[in-house]
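Residue numbers (the working numbering): 1209 to 1455.
All residues carry an ideal CB built from backbone N, CA and C; glycine is no exception.
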Ligand code: HEC
């Protein structure tokens, strides 16, 4: 009996050590996406959020559309990718500060709070402000429903430009968002109720962010045909996962 207790205690200690160790992204982000497009994407999102907090009416619309929660979460993912990226520092962004400010922003409900949080976001983008911890769990950056809405939003943008590619290279930042959200999707397995299905979730998430990394490369090379075929194949798989884990 005593031995069992000792074993159980050791097991509990081991388990608690595992649960406090914080995993980096499921892949090496430096291989998955460029730091330049991560930075560009974060700046574009912050600019868009500037419009969302411009006045009460815009803020009201943004709250209804959950834009603050969604884009705040997207910036947090981009920032954590910059924290872990070999060339993250070269962007001049205070990436840990950006991540923390973006998470605060994503949870704001009042215009004054959102305005203040966005100011901290912009400071961090300019390389200023307080720094945070390097480690941060990838399943605590963005809400999954908001992530899915962003898949749809960015998917729409990419679908349009890939029909008639014009200035395709500028869409690298859109692909970068899909890469980092795919990483967050792989890390966030809370929707997997039947734990026997965890490997399936991991496989589909991996296939998705790897495809988006390939899409990003094709976009940067200005290869519209290749980008289109990668994009269309990935979009077909959204439903495959929904059939098992959502419906
Ligand atoms: C690895 C599994 C997985 C993949 C891949 C996936 N989704 Fe989802 N999706 C889910 C789950 C689980 C939910 C329900 C949870 C939630 O909404 O919070 C969901 C919900 C959604 C929703 C929410 C609204 C609704 O209809 O319920 C949208 C929109 C969505 N997904 C779009 C997409 C798009 C677009 C893609 C492909 C680019 C995609 N998803 C890929 C798992 C996945």
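Quiz item: CB-CB under 7 Å to residue 1408, same chain, minus the five flanking residues each way: which ones, in chain order?
Solution: Walking along the chain shown from the start, residue 1408 turns up at place 200. Contacts found: 1452.
Quiz item: Where does residue 1455 land, buried or exposed, given buried means 16+ other C-beta within 10 angstroms?
Solution: Taking the chain shown and counting its residues from 1, the one referred to as residue 1455 is at position 247. Residue 1455 should be labelled exposed.
Quiz item: Residue range of the alpha helix (DSSP H) that residue 1253 falls in?
Solution: For this step, residue 1253 is matched to residue 45 along the chain shown. It spans 1243 to 1260 - the alpha helix (DSSP H) in which residue 1253 sits, taken as one unbroken run.
Exercise. For residue 1417, count neighbouring C-beta atoms within 10 Å of its own C-beta (all shown protein chains included) and say buried if the count is 16 or more, exposed if not.
Key: Position 209 of the chain shown, counting from 1, holds the residue named residue 1417. When all chains shown are included, residue 1417 counts as buried.
Quiz item: If you measure from the CB of residue 1421, is any heavy atom of the ligand HEC nearer than 6 Å?
Solution: Taking the first residue of the chain shown as 1, we reach residue 1421 at position 213. Outside the cutoff, so no.
Quiz prompt | Residue nearest to residue 1241 in terms of C-alpha spacing, selected from 1322, 1359 and 1294 | solution = As a first step, residue 1241 is located in the chain shown; it is residue number 33 there, counting from the start. Measuring from the Cα of residue 1241, the nearest candidate turns out to be 1294.
Practice problem: Assign residue 1259 to one of two classes, buried (16 or more other C-beta atoms within 10 Å of its C-beta) or exposed (fewer than that). | Solution: Translated into the one-based positions of the chain shown, residue 1259 becomes position 51. Exposed.
Quiz item: CA-CA distance, residue 1449 and residue 1233?
Solution: Within the chain shown, the letter at position 241 stands for residue 1449. Within the chain shown, the letter at position 25 stands for residue 1233. Their backbone Cα atoms lie some 21 Å apart in a straight line.
Self-check item: Cβ-Cβ separation, residue 1435 to residue 1423 (assumed contact under 8 Å), whole Å
Solution: If you number the chain shown from 1, residue 1423 lands on position 215. If you number the chain shown from 1, residue 1435 lands on position 227. Correct: roughly 6 Å between the Cβ atoms.
Quiz item: Pick out every residue whose C-beta is nearer than 7 Å to a heavy atom of the ligand HEC: which are they, in chain order?
Solution: 1352, 1353, 1356, 1357, 1359, 1360, 1363, 1393, 1399, 1409, 1412, 1413, 1416, 1442, 1443, 1445, 1446, 1449, 1450, 1453 and 1454
Practice problem: Note the first and the last residue of the continuous alpha helix (DSSP H) segment covering residue 1431. | Solution: For the purposes of this step, residue 1431 is taken as residue 223 along the chain shown, with counting starting at 1. Neither: residue 1431 is in no alpha helix (DSSP H) and is coded neither H nor E.
Quiz prompt | C-beta atoms of residue 1337 and residue 1376 nearer than 7 Å | solution = Position 129 of the chain shown holds residue 1337. Position 168 of the chain shown holds residue 1376. Not a contact, by the Cβ cut-off of 7 Å.
Quiz item: How far does the alpha helix (DSSP H) with residue 1364 in it reach, from first residue to last?
Solution: Here residue 1364 is taken as the residue at index 156 of the chain shown, counted from 1. Its alpha helix (DSSP H) spans residues 1352 to 1371.
Quiz item: Looking at the structure shown, is residue 1321 part of a helix, part of a strand, or coil, going by DSSP?
Solution: Numbered from its first residue, the chain shown carries residue 1321 at position 113. Reduced to three states, the DSSP call for residue 1321 is helix.
Practice problem: At 3 residues or longer, and completely inside the segment 1265 to 1295: list those beta strand (DSSP E) runs for me, N to C. | Solution: none
Quiz prompt | Assigned secondary structure, residue 1335 (DSSP; H/G/I helix, E/B strand, else coil) | solution = Your numbering for residue 1335 matches position 127 in the chain shown. Correct three-state label for residue 1335: coil.
Quiz item: Is the distance from the Cβ of residue 1394 to the Cβ of residue 1413 below 7 Å?
Solution: Counting from 1 along the chain shown, the entry for residue 1394 is found at position 186. Counting from 1 along the chain shown, the entry for residue 1413 is found at position 205. Yes.
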